[in-house]
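Written below as structure tokens is the structure these notes are about.
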Amino acid sequence: MEIAELILFLIPVYIANSIPVVLGGGAPLDMNKIFIDGKRIFGEGKTLRGFMAGVAAGTLAGGIVALLHSSVFFRTVQLQFIGAFLLSFGTMAGDAFGSFMKRRMEIKRGMPFLPDSIIFVVFSLAFVFPLAAVSLYEPLNLLFFFALTVVMHPLTNTLANRLGLKNVPW
Ligand code: CTP
Ligand code: MG
Numbered sequence: 018m019e020i021a022e023l024i025l026f027l028i029p030v031y032i033a034n035s036i037p038v039v040l041g042g043g044a045p046l047d048m049n050k051i052f053i054d055g056k057r058i059f060g061e062g063k064t065l066r067g068f069m070a071g072v073a074a075g076t077l078a079g080g081i082v083a084l085l086h087s088s089v090f091f092r093t094v095q096l097q098f099i100g101a102f103l104l105s106f107g108t109m110a111g112d113a114f115g116s117f118m119k120r121r122m123e124i125k126r127g128m129p130f131l132p133d134s135i136i137f138v139v140f141s142l143a144f145v146f147p148l149a150a151v152s153l154y155e156p157l158n159l160l161f162f163f164a165l166t167v168v169m170h171p172l173t174n175t176l177a178n179r180l181g182l183k184n185v186p187w
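FYI, in this note's numbering the residues of the sequence shown are 18 to 187.
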């Protein structure tokens, strides 16, 4: 598989994952609710606005990609567009799930958690499964997605920290 195809495919995922740090804020996604273990469901780091902004920006970015280039992983441009939405939604759901796990394990908001760098990719690939070609899930493609994300995540977080968008470089 061409590397360019794989990178283009991940654009909605990476955009959705990085926009909330800029556009997030306001009411928390869990509405301040407490889980049965007495701790917050997601905590203060996940806001509704951040979630919606991530889904919207990722879908828009993937939509623009769809207009410029037909992905080999979708049969039609319409499916590619819906795929961008599912990838973005999956990314934000995975991001929230990561925080859910962190709160259960009593890891404080903003503290590093190794799976943080990969959960959102797993979720996005699972969400787009009904629409994407099976070839997307070939082991080498998955390896590329995970390897790229593991490398990119600390780089983008350090950059966001240097730019003053994030308090911590992870
Ligand atoms: N953010 C948001 N809404 C989301 C996701 C992220 O507003 N759904 C914003 C928050 O300001 C958050 C920042 O983006 O602090 C960085 O996101 P992330 O690193 O995922 O959150 P953390 O603050 O590290 O919180 P957690 O420990 O729950 O992961
Ligand atoms: Mg974090």
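Even for Gly, the Cβ is constructed at its ideal location relative to N, Cα and C. Because the structure is a prediction, the values reported are computed rather than measured.
Boundaries of the alpha helix (DSSP H) in which residue i is found, first to last residue
i: Asp133; result: Asp133 to Phe144
i: Tyr154; result: Element bounds for Tyr154: n/a, residue is neither H nor E.
i: Ile24; result: Ile20 to Ser35
Residues of its chain near residue i, where Cβ-Cβ distance is below 8 Å and the 5 sequence neighbours each way are ignored
i: Phe59; result: Pro45, Leu46, Asp47, Ala113, Ser116, Phe117 and Arg120
i: Leu182; result: Val38 and Val39
i: Ser88; result: Glu22, Leu25, Phe26, Val82, Gln97 and Gly100
i: Arg92; result: Ala150
Residue i to residue j span [Cα, whole Å]
i: Ile36; j: Ile81; result: 16 Å
i: Val151; j: Gly71; result: 26 Å
i: Phe98; j: Phe162; result: 20 Å
i: Leu104; j: Ile20; result: 18 Å
i: Lys56; j: Met109; result: 21 Å
i: Phe186; j: Leu85; result: Note that residue 186 corresponds to Pro in the displayed sequence, not to Phe. When rounded, the distance between both Cα atoms is 34 Å.
i: Lys50; j: Glu61; result: 11 Å
i: Glu123; j: Phe68; result: 22 Å
i: Leu153; j: Phe90; result: 6 Å
i: Leu176; j: Val94; result: 33 Å
i: Leu131; j: Val30; result: 18 Å
i: Asn34; j: Pro147; result: 21 Å
Heavy atom of the ligand CTP within 7 Å of residue i beta-carbon
i: Met128; result: yes
i: Asp47; result: no
i: Lys56; result: no
i: Pro37; result: yes
i: Ser105; result: no
i: Lys50; result: no
i: Thr166; result: no
i: Met169; result: no
i: Ser134; result: no
Residues near residue i by beta carbon distance below 6 Å, same chain, minus five either side
i: Phe102; result: Thr76
i: Ala74; result: Ile32 and Ile36
i: Gly107; result: Phe140, Ser141 and Phe144
i: Arg126; result: Gly60, Glu61 and Gly62
i: Pro129; result: Trp187
beta-carbon residue i near the ligand MG non-hydrogen atom, thresh 7 Å
i: Asp112; result: no
Minimum Cβ-Cβ distance from residue i to chain B less than 8 Å
i: Pro129; result: Chain labels in this structure do not include chain B; a single protein chain is all it has.
Chain-order list of residues whose beta-carbon lies under 7 Å from that of residue i (same chain, five-residue window excluded)
i: Leu65; result: Gly43, Ala44 and Leu46
i: Gly41; result: Thr64, Arg66, Gly67 and Ala70
i: Gly111; result: Ile136, Phe137, Val139, Phe140 and Ser141
i: Asn178; result: Val185 and Pro186
Subject >> Contiguous alpha helix (DSSP H) assignments of at least 4 residues, all confined to the region 54-138 >> reply: 65-85 and 94-121
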